[in-house]
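Read left to right, the sequence shown gives residues 2 to 249 (the working numbering).
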Amino acid sequence: MRRAHLPLLAFVWGCWGAGAVGAQDAPLPPSEPRAEQPPSGSVLQSLKDFGAFGANMGGMLFVGDPDASGGALIRPSLQGSFRYRFSDDWVGVGDFGFGWNAYDGKGDTVLAVTSGSLGVYRRLSRALGLDWRMGAGAGLYRWNYKFEGKSVRDPETQLRYQSIDPGVFVGCEVERRLTAYVTLLATGQFHYLLSANEDDFPSMHGGGNDAFVAMRVGVSYHFSPYQGILWERKIDRTIKLKSGRAGL
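This is the structure:
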C-alpha cells in the first residue's frame, strides 16, 4: 500500500514545487500610485500677488494739540482698505477712513476727520500663528470742527474750522488666516496732521498740529488679479519649404 501511494506523493510534491517557482518568477502587479500627502502642520497657500478688499471698525482719540485733545471722548472710527501683497513679507495698503471725537461738557460738539492714505507694511515675525507687521505711510486729512452738525467759525477771521491737510502715519498690525482667502486683521495707527494754521484760525485749532490714535479690527477678502486671465504668447508660424531637387 505504501508503494502505491508513492506516485501520488511525487505528483503532489512536483506541483507544489512548480507553483512555488512560478510564484517567485511571476512579476508583481504594479501598485497604485499614492497621492502625496501634505506635510503635517502645512499652512495655506501663499497670498503673494493677491489683492484684498477689507473693512475695519474701532475707535479713535485725538491727542497732542490741546484744542483738539482737551476733553476729547473716544468715538467710532470706520475704515475701508485695499491691500496688495508684493511678497509674503511686504504689503501695500490704501486706506479710506472716517471718525470723530465728542467733547466732555461741550454738548453736541464734534471734531470729525476723513482720511485717505497710502502706506506699506513689512512682516517682522510669525509668532503664535499670526503675522506681525509694522508700517508707515502718508495721506490727506480733512478735519471739521462742528456744533450741532454745522461747522464752527473762527471769531476773528470768520473762516470755518475745516481744512484739508497732509499728514503721515505709523502703524502696527496683526493678521490671522481664517480661510484660504479671508483674514482677520487688528490694527493700531498713529496719525500726525500738518494742520497748524494761525493765519486762518488764530483763535483756535491753528496753533499746533493735530494727531490722533486709532485702533480697529476687521476682515479682508483676498483675490488673485490674474485668475481667469489668459496670457497669449506669440508663436512663430513661418513655414519653411525645402526643394526636393538635389543641390537646391
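Virtual Cβ for every residue (Gly too), placed ideally from N, Cα, C.
Source: prediction; values computed, not measured.
Item                                                                                                                                               : Value
Just how far apart, CA to CA, sit H206 and Q159?                                                                                                   : 13 Å
To the nearest angstrom, report how far apart A113 and P67 are at their CA atoms.                                                                  : 16 Å
Hey, out of A73, A56, Y193, whose CA is closest to R143's CA?                                                                                      : Y193
Within its chain, find whatever has a CB closer than 6 Å to the CB of M61; leave out the 5 residues flanking it on each side and keep chain order. : S78, G100, F213, A215
With the cut-off set at 8 Å, would you say L186 and G219 are in Cβ contact?                                                                        : yes
Alpha carbon to alpha carbon, how far is T115 from G140?                                                                                           : 11 Å
Does the separation of the CB atoms of S164 and S196 fall below 8 Å?                                                                               : yes
Going by beta-carbon coordinates alone, are V94 and R86 separated by less than 8 Å?                                                                : no
Taking only runs that begin and end inside the stretch 39-71, name each unbroken beta strand (DSSP E) of 3 or more residues, in chain order.       : 52-65
Tell me the rounded alpha-carbon separation between N210 and Y122.                                                                                 : 25 Å
Once DSSP output is grouped into helix, strand and coil, what is the label at T110?                                                                : strand
Answer yes or no: do G59 and K107 have a C-beta to C-beta separation smaller than 8 Å?                                                             : no
Is G117 helix, strand or coil by DSSP?                                                                                                             : strand
Assuming D155 contacts F191 (C-beta within less than 8 Å), just tell me the rounded distance between them.                                         : In fact, because the Cβ distance is near 27 Å, the residues do not count as touching under 8 Å.
Can you give the beta carbon distance from N102 to Q80, rounded, assuming they're within the 8 Å contact cut?                                      : Contact flag wrong, Cβ pair sits at about 16 Å.
Just the C-alpha distance for V64 and S221, rounded to the nearest angstrom, thanks.                                                               : 29 Å
To which residues of the same chain is E199 closer than 7 Å at the C-beta, ignoring the five residues directly before and after it?                : G207, G208
Which first and last residues belong to the beta strand (DSSP E) in which P203 is found?                                                           : Note, P203: premise wrong, no beta strand (DSSP E); not H, not E.
Which residues share a DSSP beta bridge with T184?                                                                                                 : R178, S221
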